[in-house]
Each structure stands twice: as C-alpha cells, then as structure tokens.
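Start counting the sequence shown at 764; every next residue gets the next number (this note's numbering).
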Amino acid sequence: MNAGQQSVPIVEAKGAKIPLVGLGTWDLRGRTCARVVEQALRLGYRHIDTAEMYDNEREVGDGLRASGVKRDDVFVTTKIWPSHFAPPALERAARECLVRLRLSAVDLLLLHWPNPQIPLAETLGALAKVKREGLARHIGVSNFTVALIEEALAATTEPIVCDQVECHPFLDQAKVIAACRRHGMAVVAYSPIARGDARNDALLKRIGARHGKTAAQTCLRYLVQQNIVVIPRTGKIERLSENAAIFDFALSDEEMAEIAALAHPGGRMVDWAFSGQPKWD
Ligand SMILES: NC(=O)c1ccc[n+]([C@@H]2O[C@H](COP(=O)([O-])OP(=O)(O)OC[C@H]3O[C@@H](n4cnc5c(N)ncnc54)[C@H](OP(=O)(O)O)[C@@H]3O)[C@@H](O)[C@H]2O)c1
764 MNAGQQSVPI VEAKGAKIPL VGLGTWDLRG RTCARVVEQA LRLGYRHIDT AEMYDNEREV
824 GDGLRASGVK RDDVFVTTKI WPSHFAPPAL ERAARECLVR LRLSAVDLLL LHWPNPQIPL
884 AETLGALAKV KREGLARHIG VSNFTVALIE EALAATTEPI VCDQVECHPF LDQAKVIAAC
944 RRHGMAVVAY SPIARGDARN DALLKRIGAR HGKTAAQTCL RYLVQQNIVV IPRTGKIERL
1004 SENAAIFDFA LSDEEMAEIA ALAHPGGRMV DWAFSGQPKW D
C-alpha cells in the first residue's frame, strides 16, 4: 500500500471484507489521534480500529471526515466494554459509540473482552439485535479463547466474523487461529509488533535486512502472509507508510518457520484479566 493507492488487500470472512492492514488507535488521544487517522487514510489505510474504552472515538471520527475519504471506503471497528454487556446497556453503549464517531453504523462491532458475569447468550442476543437494527454491519469478538468461540457460535445464528486477539511472533496463538479458520472467522492481530518490541529483535532485523525491510515490517509481513489482519498503532506519521509497506516482498517457508520459533511461554504482552476470566486455550 503506497500513498494514494486505493486498493488494500482484504480478508473475507462470513460476508465481511476486512482490509488486511488497519490502524490501531489505543492510546492515541486528542489532536494527535485525529491527525494520525487523517494521514493514515490519506496514505491508503482503509481500516481503523477503536473502542469505547480508548476514549478517542470522537477524534477517530474527526480524522475520518478530515481525510476526505468516502465513509463507505473505510472499515471502522469499535468495541463494547464488558461492563456494558447486559442487553439494555449494550444497545445504549453501541448507540453512544456512533454518536461519538458521528457515524450511522460501524463496519464491525466487537465484544472487547469476555465477561463471565453476564450470560454470553444474552450479550450475543443484544449484539445481534444491534446488528439487525443497522448500527453495525458485522459483529465479532475479542480476547475469546477457543472454548469461548465455540460457546459463542453455539449461542447465536448471527455470523461472528472475527476474533481479535493478541498475536505476534513471540506468542503462540496456533490454537485460537486454528479455531477461527475452522469456523471461517478472520483473525485480527492486536499488538502485532509486540507493542514495539519487534523492532529490536535480532532475527526479525536479520531477515528484514535480506529483503530491505525493517524488523517491524518483517513482523507484520509474517502475520499478513498467514492471512491474519494486523492493526499496528503508531503516533508517528512517518511510521504509517512503513507499517503498510508489507505487500511487496514475501518471506520464504524457512524464514516463516524461523520467526514462528520466536514464540515462548512468557510472550504475552497484554495480560489484562477481567475478573474470573477463564484460562487461555
Ligand atoms: N482488543 C483488545 O483487547 C486490544 C488490546 C490491545 C490493543 N488493541 C488494538 O490493537 C492496536 C495495536 O496494538 P498495540 O497498540 O497494543 O501495539 P502495537 O501496534 O504492536 O505496537 C505499538 C507500539 O509500537 C511502536 N511502533 C509502531 N510502528 C513502529 C515501527 N514501524 N517501528 C518501531 N516501532 C513502532 C509504537 O510507537 P510510536 O507510536 O512511537 O510509533 C507503539 O509504541 C491497538 O492500538 C488497539 O487498536 C486491541
């Protein structure tokens, strides 16, 4: 993806067409957030990831409008926080997201983290209703284990198009990836450059140098080459192009295997545990 280029590779899952690269916006605030979103869209990004919890939906909406890119050309994801999973609260929260974004619908509405205190079937019923009312074009989940994916699919007939999970070379997510593939769901990788740690990894640097790419680009390529959607975040305009320029080279099978071997038990970066959260896998 280069400046001005309109076509971004996409992943199709249950009718959703999700651009393989999106912009993560966690921790981007105020004018910086609006400016980065605007620039990302001008550079060719067509997928923006936010959440009610990020407290930046207003600025994401501002950036979207300032970019001049047509609304329907951008895939916008937001997420409902687990404290709003009781059905009336979920519908209210979804409407409030849209008010802040100043959009009539988002492309994808996710349950941000599992909440074992509220029956999943009730929450999914509310999510499906929000979709039927036209507030979200697609629905999905985030931070769901394999067991929770199975439970969710059994509890609703509405297509669940993705699981957004932490995913990068330092963390083995093979089980959750396999479950998503089995059910035709997309995997959306959050923290895809391991919160920036990938940039200092010797192997990623070495393999990247062979292809004239940075360690961060090599890390992102490793994921998109497996058809995993990536949503790297940066607050630096100059890194937007770098993080999207990952479709003009390919890693060999041997390089893919070497990178996969970086996974280790302590590799998880995001360890926020909602009370009572079940084990991961
Ligand atoms: N569903 C969930 O529960 C959940 C949880 C976490 C994150 N997310 C989503 O996923 C997005 C991405 O994850 P993340 O923000 O945790 O981490 P990330 O995208 O893996 O890493 C972001 C960090 O990497 C740095 N960085 C970005 N591009 C770089 C490059 N080319 N070279 C070197 N460093 C670079 C950034 O610094 P600079 O800003 O200085 O460039 C920032 O410190 C979030 O923003 C959010 O939208 C979702």
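For glycine and all other residues, C-beta sits at the position ideal for the given N, C-alpha and C.
Along the chain, where does the beta strand (DSSP E) containing residue 850 start, and where does it finish? Counting from one through the sequence shown, the residue named residue 850 turns up at place 87. Bounds of any beta strand (DSSP E) do not take in residue 850; it lies within the alpha helix (DSSP H) bounded by 850–864.
By a C-beta neighbour count over all protein chains shown, 10 Å radius and 16 as the cutoff for buried, is residue 775 buried or exposed? For the purposes of this step, residue 775 is taken as the residue at position 12 of the sequence shown. Around the beta carbon of residue 775, a 10 Å sphere encloses fewer than 16 other beta carbons of the protein chains shown; the residue is thus reported as exposed.
Kindly confirm or deny that the region 817–834 and the region 1022–1031 touch, where touching means at least three C-beta pairs closer than 8 Å. With fewer than three CB-CB distances shorter than 8 Å, the region 817–834 does not count as touching the region 1022–1031.
In chain order, which continuous runs of the beta strand (DSSP E) of length 3 or greater are located wholly inside the region 946–1031? Listed in chain order, they are 949–953.
Residue 898 to residue 910, Cα distance in whole Å? Here residue 898 is taken as the residue at index 135 of the sequence shown, counted from 1. Here residue 910 is taken as the residue at index 147 of the sequence shown, counted from 1. Taking the straight line joining both Cα atoms gives about 28 Å.
Alpha carbon to alpha carbon, what distance is there between residue 801 and residue 994? Residue 994 sits at position 231 when you count from the first residue of the sequence shown. Residue 801 sits at position 38 when you count from the first residue of the sequence shown. A direct Cα-to-Cα measurement between residue 994 and residue 801 gives close to 16 Å.
Could you pull the start and end residues of the beta strand (DSSP E) that residue 900 belongs to? Locating residue 900 in the sequence shown gives position 137, where the first residue counts as 1. Segment 899–905, the beta strand (DSSP E) holding residue 900.
DSSP state of residue 810, grouped into three classes? Within the sequence shown, numbered from 1, the residue matching residue 810 stands at position 47. Note: residue 810 maps to strand in three-state DSSP.
What number of angstroms, rounded off, separates the C-alpha of residue 979 from the C-alpha of residue 967? By one-based count along the sequence shown, residue 979 stands at place 216. By one-based count along the sequence shown, residue 967 stands at place 204. Whole-angstrom Cα-Cα distance: 8 Å.
Let me know the secondary structure DSSP gives residue 1064 once reduced to three states. The question about residue 1064 has no answer here: the residues shown for the chain are numbered 764 through 1044.
DSSP on residue 937, reduced to helix/strand/coil? What you label residue 937 is simply residue 174 of the sequence shown in a count that begins at 1. Shown here, residue 937 sits in a helix according to DSSP, grouped into three states.
Is residue 832 helix, strand or coil when you go by DSSP? On the sequence shown, residue 832 is found 69 positions in, with the first residue counted as 1. Here residue 832 sits in coil by DSSP.
Keeping to the same chain, check which residues put their C-beta closer than 7 Å to that of residue 814; ignore five residues upstream and five downstream. The count along the sequence shown starts at 1 and reaches residue 814 at position 51. These residues qualify, in order along the chain: 841, 842 and 875.
Taking the alpha carbon of residue 784 as the reference point, which residue from 1015, 1013 and 986 has its own alpha carbon closest? Start at 1 with the first residue of the sequence shown, and residue 784 comes out as number 21. Looking at the Cα atoms, 986 is the closest of the given residues.
Can residue 906 be considered in contact with ligand 1, in the sense that its beta carbon sits closer than 8 Å to one or more heavy atoms? Position 143 of the sequence shown, counted from the start, is the residue given in the question as residue 906. Checking every heavy atom of ligand 1 against the Cβ of residue 906, one is found closer than 8 Å.
Within the continuous beta strand (DSSP E) that includes residue 929, where are the two ends? To locate residue 929, count along the sequence shown from 1; it is residue 166. For residue 929, the enclosing beta strand (DSSP E) begins and ends at 923–929.
Exposed unless 16 or more other CB atoms sit within 10 angstroms - verdict on residue 1015: Position 252 of the sequence shown holds residue 1015. Exposed, by the Cβ-count rule.
Would you mind working out which of 952, 991, 942 and 913 sits nearest residue 929, comparing C-alpha positions? As a working note, residue 929 is residue 166 in the sequence shown. Here the closest residue by C-alpha is 952.
Looking at the strands, I want to know which residues DSSP matches up with residue 782. If you number the sequence shown from 1, residue 782 lands on position 19. DSSP output for residue 782 lists 773 as bridge partner(s).
Buried or exposed for residue 975, going by 16 or more other Cβ atoms inside 10 Å? Position 212 of the sequence shown, counted from the start, is the residue given in the question as residue 975. Within 10 angstroms of the beta-carbon of residue 975 lie fewer than 16 other beta-carbons, which makes it exposed.
For residue 873 and residue 936, believed in contact at Cβ under 8 Å, the rounded distance: Here residue 936 corresponds to residue number 173 of the sequence shown, with the count starting at 1. Here residue 873 corresponds to residue number 110 of the sequence shown, with the count starting at 1. That pair is no contact at about 17 Å.
According to the Cβ coordinates, are residue 809 and residue 851 closer than 9 Å? Within the sequence shown, the letter at position 46 stands for residue 809. Within the sequence shown, the letter at position 88 stands for residue 851. Residue 809 places its beta carbon 9 Å or farther from that of residue 851.
Would you list the one or two residues that DSSP bridges to residue 827? Within the sequence shown, residue 827 is the residue found at index 64, counting from 1. The partner list for residue 827 (beta bridge, DSSP) is empty, contrary to what the question assumes.
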